[in-house]
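The structure under discussion appears below in the form of structure tokens.
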Amino acid sequence: MLIHPEVMGVEALFEKMRKIPNWPEEGILFHDITPILQSPQYFRLLVDLLVYRYMDQKVDVVAGLDARGFIIGAALAYQLNVGFVPIRKKGKLPFETVSQSYALEYGEATVEMHTDAFHSGARVLLVDDLVATGGTMLAGAELIRRLGGEVLEAAAILEFTDLPGGKRIRDAGVPLFTLYQNEGCMPK
1 MLIHPEVMGV
11 EALFEKMRKI
21 PNWPEEGILF
31 HDITPILQSP
41 QYFRLLVDLL
51 VYRYMDQKVD
61 VVAGLDARGF
71 IIGAALAYQL
81 NVGFVPIRKK
91 GKLPFETVSQ
101 SYALEYGEAT
111 VEMHTDAFHS
121 GARVLLVDDL
131 VATGGTMLAG
141 AELIRRLGGE
151 VLEAAAILEF
161 TDLPGGKRIR
171 DAGVPLFTLY
181 QNEGCMPK
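Under UniProt numbering, the first residue of the sequence shown is numbered 1, with each subsequent residue one higher.
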């Protein structure tokens with residue numbers, strides 16, 4: 001049974017996140033979604049909010065970014081009755097892959113996806129937990145496009161508006177939907 005979004009607001013999800021100052025490094029306010037996942041009520045609310053958004057949008061497959069995007073994306077794919085595709089960190093997938101590197105604040109990372117993840121022309125919903133600098137989400141979108149998929153939308157729980165990620169994603173032509181926007185990546 002779905003929880004209707006009007007029963008409990010998105011603000012409740014944001015409030016349920018654990019905020020950890022100065023982690024993983026000094027000056028960062030980390031937003032941990034673990035408390036949402038641990039609560040059946042809040043986890044259902046999260047998934048249901050996304051189901052309501054996408055249930056009539058003809059999604060062919062949900063792609064989740066390593067690792068929290070796996071949790072959200074798999075539950076969403078199940079509810080939408082579509083397949084799920086993991087986009088993993090380099091070296092974790094056993095079959096033929098396509099890879100995309102992207103810049104981090106402190107270096108570079110690479111994500112990969114199986115070459116047979118979906119059919120050409122598939123409408124792919126890309127999912128992660130939050131949008132900060134946008135690098136991971138943009139790398140995932142590039143992989144989808146390189147395999148002939150259409151990025152229907154990129155979706156996340158939270159977008160930090162004090163960081164450039166959301167703008168970078170939208171400027172790259174990737175539609176972006178986030179449940180909550182906050183200017184809160186830096187501790188006050």
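Even for Gly, the Cβ is constructed at its ideal location relative to N, Cα and C. Keep in mind that this is a model prediction, so the values were computed, not measured.
Along the chain, where does the alpha helix (DSSP H) containing residue i start, and where does it finish?
i    : result
Q38  : 34 to 38
V10  : 10 to 16
Q79  : 68 to 80
G166 : 165 to 171
With distance defined between alpha-carbon atoms, name the residue in the options nearest to residue i.
i           : options                : result
T97         : G83, F118, L29, R18    : F118
G165        : I36, I71, V131         : V131
residue 203 : A155, G69, Q41         : The structure shown does not extend to residue 203, since the chain spans only 1 to 188, so no value can be given for it.
G149        : V51, E26, L13, A63     : A63
L93         : R146, L104, D66        : D66
M113        : L13, E142, G121        : E142
L77         : R145, P175, V51        : Looking at the sequence provided, one finds Ala at residue 77 rather than Leu. A77 has its Cα closest to that of V51, out of R145, P175, V51.
H31         : G107, I157, L176       : I157
V151        : V174, A139, I169, D129 : V174
A139        : E15, A109, Q79, Q41    : A109
R88         : L104, F70, A75         : F70
T34         : D48, L49, F14          : F14
Y42         : I72, A103, G27         : I72
Across which residues does DSSP place residue i in a beta bridge pair?
i    : result
Q181 : E159
R88  : E112
K19  : H31
V124 : V61, V151
V131 : E159
G107 : L104
G83  : V61
Count the other C-beta atoms from every protein chain shown that fall within 10 angstroms of the C-beta of residue i, then say buried if there are 16 or more, exposed otherwise.
i    : result
M1   : Low confidence applies to M1: its pLDDT is 49, below 50, so where it sits in the model is not reliable, and the reading given next is rough at best. Burial call: exposed.
E11  : exposed
E159 : buried
I20  : exposed
D162 : exposed
K116 : According to the sequence provided, residue 116 is Asp. The question's Lys does not apply to it. Exposed, by the Cβ-count rule.
G121 : exposed
R18  : exposed
D171 : exposed
E26  : exposed
R68  : buried
If I follow the unbroken beta strand (DSSP E) through residue i, where does it start and stop?
i    : result
L147 : Run containing L147: none; DSSP gives neither H nor E here.
T97  : 97 to 104
G27  : G27 -> no beta strand (DSSP E), and no H or E assigned at all.
V61  : 61 to 65
**Message:** Does the stretch 47 to 60 come into contact with the stretch 116 to 128, if we say contact requires no fewer than three beta-carbon pairs (one atom in each stretch) closer than 8 Å?
**Reply:** yes
**Request:** Please determine if the stretch 165 to 185 and the stretch 86 to 100 are in contact, where contact requires at least 3 C-beta pairs separated by less than 8 Å.
**Result:** no
**Asked** Quick one: any contact between the stretch 129 to 145 and the stretch 74 to 84, if contact means 3 or more CB pairs under 8 Å?
**Response** no
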